[in-house]
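Take a look at the structure set out below.
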Amino acid sequence: MADSKSHAFLLTGKKRPSQDDFEGDDIFLAKKSSHLSSDVPYSDDPLAALAATRHEFGEHGGVNMSIEASATFTVMEPETMGRMFSGELGPDRDFFIYSRHFNPTVLNLGRQMAALEGTEAAYCTASGMSAISSVLLQLCSNGGHVVAPRNLYGGTHALLSHFLPRTCNITTTFVEIGDIDMVKNAIIEGKTKVLYFESMSNPTLIVANIPELSRIAHKKGVVVVVDNTFAPVVLSPARLGADVVVHSISKFISGGADIIAGAVCGPANLVNSMMDLHQGTLMLLGPTMNAKVAFELSGRIPHLGLRMKEHCHRAMEFATRMKKLGLKVIYPGLEEHPQHELLKSMANKEYGFGALLCLDMEKEERANKLMHHLQNFTQFGFMAVSLGYYETLMSVSGSSTSSEMSAKEKELAGISPGLIRMSVGYIGNLEQKWSQFEKALSRMQDSIFTNKNSVSSILK
Ligand SMILES: *Cc1c(COP(=O)(O)O)cnc(C)c1O
């Protein structure tokens, strides 16, 4: 496309552009070069890919896109309505019907998500759970089978082990995701529809071998769905072979701990099928994202990379120092972590190894005592579930986010009763925050924390 033309397109906005403004019918344009960036090749780096997506200007030339706050859309000619409902005219040509279906502002956020994850398409939902449940319901019909690890976000675990079997006869075989043979054996050819896992598992931070798992699943015709909530920017599952990436945007991508949102990133045909007027889970179950929320979030994605870098830098530094103190810490950035090398081989360069770390205090009361000091005496962080906030958030997984699991399931998943999950924040300066951590540790009444040697002898 000639420069002058794309410039004109840029200045006039994209309200009802003529057909030749479009190169094809791919409405999402993340993987293909977009009109305003045809000289920028698609990149394997998530931030470069984000920068190369079409920048959407406001209706009056504002540097930010406008919010399309309408629930419904007008047409100029009565015949147009029928052509929209038949699928002939769609959002790729800037024809919108109703905002539970496609909304332009939400679609733009979807384009950013697709660029971030390197997928052909993406669409955003009202929550991470609705993204996950909609994808699973779209891919598995009644009687379908899923293979998934035991170590899963508690809500997803409950969905797979209780809700889906009861409501839809969709069953799951739970496996150790690190045991490739176990995964292979759990896949029933013809019946298994989805291999589902988290790129970095909650809360024990097991890193999945995405390329290998994708390979064995694809050999048996199984779709690979990866929850990348713990590691946006750090890992790009779709670039490593996965078919679909789901996100709870409520965490790092939002970064503000003020919004519940989710996304499904994947092939255009899957996303389109989820929006289908007769068969689509997003269209028919309706977990729609509000356009005002989509606008708010789209302004946060440009600094996601910067935030992740600092989150990860702090987590690495704290994990290293905690380990030096003799504390039992789980962090995939540490060389001793069983999947450290694997993570290094998969991670996008220079963003770090994730912002979550686990501190195993073994007993719940000891974990609670430390968190109490960390929040109420030294202001190191907050006792709260969730992750991705600028403040450090801490929770004891066994009695909070993984409490849906039985004692046996928790034991199998390696969740000790004193496991504190920390989502390391980036507020303040690093030394200030570290001194708050040390001060809280020294306040522990428990004699084992009074000196370094006894800490290491008991907790190792
Ligand atoms: C929070 C979370 C979810 C659920 O997302 P919501 O936005 O709360 O619905 C799913 N997976 C993981 C890994 C999460 O951390």
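Numbering (full-length UniProt numbering) for the sequence shown: 1 to 460.
We put the CB at the ideal spot given by N, CA and C, even for glycine.
Quick caveat: nothing in here was measured; it's all calculated off a predicted structure.
Residues near residue i by beta carbon distance below 6 Å, same chain, minus five either side
i	result
Ser37	Here Ser37 scores only 36 on pLDDT, less than 50, and its place in the model is too uncertain to base an answer on.
Gly414	Thr204
Val245	Glu117, Val226, Asn228, Pro237, Ala238, Cys265
Phe163	none
Phe252	Pro232, Gly388
Tyr196	Val146, Ala148, Val225
CA nearest to the CA of residue i, picked from the options
i	options	result
Glu68	Glu88, Leu107, Ser86, Met76	Leu107
Leu152	Pro203, Met182, Arg93	Pro203
Arg321	Ile301, Leu359, Leu47, Val264	Leu359
Phe102	Glu364, Pro211, Thr288, Ser250	Thr288
Asn272	Cys312, Ala121, Phe382	Ala121
Ser250	Arg111, Pro104, Ala71, Ser130	Ser130
Thr171	Phe380, Ser161, Ile180	Ser161
Leu419	Ser386, Glu409, Val396, Ala440	Val396
Ala294	Ile260, Asn169, Asn368, Lys323	Ile260
Ser400	Pro332, Ala347, Ala367, Tyr390	Ala367
Gly155	Ala263, His145, Ile132, Gly144	Ile132
Lys242	Gly255, Val233, Glu212	In the sequence under discussion, the amino acid at residue 242 is Ala, which differs from the Lys named in the question. Out of Gly255, Val233, Glu212, Glu212 has the C-alpha closest to the C-alpha of Ala242.
Ala407	Arg150, Thr192, Ser127	Arg150
Gly110	Ser43, Cys140, His157, Asn290	Asn290
Arg421	Thr392, Ala48, Ser127, Met113	Thr392
Ser201	Gln339, Asp276, Pro165, Gln112	Gln339
Ser127	Leu412, Met394, Leu285	Leu285
Pro267	Glu336, Gly398, Ala115, Leu412	Ala115
residue 545	Met113, Gln279, Glu56	Beyond the ends of the chain as shown, which are 1 and 460, falls residue 545; an answer cannot be given.
Cβ neighbours of residue i in the same chain (closer than 7 Å, five flanking residues each side left out)
i	result
Thr281	Ser134, Leu137, Gln138, Met274
Lys184	Ile216
Ala71	Tyr98, Ser99
Ala440	Leu370, His373, Leu374, Phe377, Thr378, Phe380
Asn169	Asn142, Gly143
Distance, residue j Cα to residue i Cα
i	j	result
Lys219	Val63	46 Å
Asp26	Asn269	Only weak support is given to the placement of Asp26: the predicted model assigns it a pLDDT of 43, under 50, and the value that follows is read from those uncertain coordinates. About 10 Å.
Asn228	Ile177	15 Å
Arg83	Glu77	10 Å
Thr80	Ser423	50 Å
Val75	Asp258	36 Å
Ala148	Leu297	30 Å
Asn142	Gly58	44 Å
Arg54	Val222	33 Å
His35	Leu50	Any reading at His35 needs caution, since the residue's pLDDT is 33, under 50, leaving its predicted position unreliable; the model's value is listed next. Roughly 14 Å separates the two Cα atoms.
Asn376	Leu370	10 Å
Leu342	Val207	8 Å
Ser402	Thr173	19 Å
Tyr351	Met182	32 Å
Pro332	Arg307	18 Å
Gly305	Tyr390	14 Å
Lys344	Asp179	19 Å
Phe73	Phe85	13 Å
Leu159	Lys349	34 Å
Ala384	Glu364	15 Å
Ser386	His311	15 Å
Ser416	Leu89	54 Å
His145	Leu334	36 Å
Leu357	Gly262	23 Å
Cys140	Thr167	13 Å
Lys66	His60	Before going further, note that residue 66 is Ser rather than Lys in the sequence given. About 8 Å.
Gly87	Ile330	50 Å
Ile188	Lys410	26 Å
Glu362	Lys292	44 Å
Val224	Glu438	42 Å
Asp45	Arg443	44 Å
Lys31	Phe96	Annotation note: pLDDT 39 at Lys31 (below 50); position unreliable, coordinate value reported separately. Computed Cα separation, rounded: 23 Å.
Met394	Gly256	16 Å
His303	Lys191	42 Å
Contact belief for residue i with residue j at Cβ below 8 Å, rounded distance in angstroms
i	j	result
Ala238	Thr119	5 Å
Trp434	Phe318	7 Å
Ala186	Val194	Actually they do not touch by this definition, with Cβ atoms about 12 Å apart.
Ser248	Arg300	Not a contact, Cβ separation roughly 14 Å.
Met316	His157	Contact doesn't hold; Cβ gap of about 28 Å is too wide.
Contact set for residue i: own chain, Cβ-Cβ below 8 Å, skip 5 residues either direction
i	result
Asn429	none
Arg314	Ala355, Val424, Gly425, Tyr426, Leu430, Lys433
Pro91	Ile27, Phe102, Pro104, Leu107
Ser199	Val207, Ala208, Ile210, Val226, Asp227, Asn228, Phe230, Ala231, Leu235, Pro237
Leu240	Ile210, Pro211, Ser214, Met346
Gln436	Leu374, Thr378, Gln379, Phe380
Met283	Arg100, His101, Met274, Met275, Asp276, Leu277
CB contact below 8 Å: residue i versus chain B
i	result
Gly110	Note that chain B does not occur in the displayed structure, where there is just one protein chain.
Item checked: Closer than 7 Å to ligand 1: residues, by C-beta to nearest heavy atom, in chain order -> Ser127, Gly128, Met129, Ser130, Ile132, Tyr153, Gly155, Thr156, Glu198, Asn202, Asp227, Thr229, Phe230, Ser248, Ile249, Ser250, Lys251, Ile260, Ala261, Gly262, Ser386, Leu387
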